[in-house]
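Student: This is the structure, below, for whatever I ask next.
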Amino acid sequence: MIRRPLLILCVVAALGGPSTWAHTELEVRIAEATAAIDAHPEDATLYLQRGDLYRQHACWDDALADFERARRLAPDLAVVDLDRALTLSDAGRDADALAAFDAFLARAPG
Numbered sequence: 425m426i427r428r429p430l431l432i433l434c435v436v437a438a439l440g441g442p443s444t445w446a447h448t449e450l451e452v453r454i455a456e457a458t459a460a461i462d463a464h465p466e467d468a469t470l471y472l473q474r475g476d477l478y479r480q481h482a483c484w485d486d487a488l489a490d491f492e493r494a495r496r497l498a499p500d501l502a503v504v505d506l507d508r509a510l511t512l513s514d515a516g517r518d519a520d521a522l523a524a525f526d527a528f529l530a531r532a533p534g
């Protein structure tokens, strides 16, 4: 007879475990952010929020595209460069990340 803890571990492993659940939650949050963008397509902060979710989901190109859209909507928003830098760093594009960090520091107030 299989002990209950072993059975539970097998079921969790078969379902993908907490890692998969986290990605599913991110996908739901991305879908919600997309719906908000559809309702308010000129709101730069919504693109920043969805871009950060894409970054957490390791969808680097989608994240960078959202940050560029936010930049077009709000050119003076310095945090766009910080979000780009974090994404580029996470993607392993260190030279590009450093340039984006430098751009953020040059534009950031104070």
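Letter 84 of the sequence shown, counting from 1, is numbered 508 in the working numbering, and no numbers are missing. Here a beta-carbon is modelled for each residue, glycine too, at the ideal position from N, C-alpha and C. Keep in mind it's a predicted model, so treat the numbers as computed, not measured.
#1: Roughly how many angstroms separate the alpha carbons of glycine 440 and glycine 534, rounded to a whole number?
#2: Start and end of the alpha helix (DSSP H) containing glycine 475?
#3: Using DSSP with H/G/I as helix, E/B as strand and the rest coil, what is arginine 517?
#4: Between aspartate 500 and alanine 524, how many whole angstroms is the CB-CB distance? I'm expecting something under 8 angstroms.
#5: Threonine 448 to threonine 458, Cα distance in whole Å?
Tutor: Let's see:
#1: With a pLDDT of 49 at glycine 440, under the threshold of 50, the predicted position of this residue should be treated as unreliable, though the coordinate-derived value follows. Between glycine 440 and glycine 534, the C-alpha separation is close to 46 angstroms.
#2: First-last of the alpha helix (DSSP H) with glycine 475: 468-480.
#3: Collapsing the DSSP output to three states places arginine 517 in coil.
#4: So it is not a contact: roughly 16 angstroms between Cβ atoms.
#5: 15 angstroms
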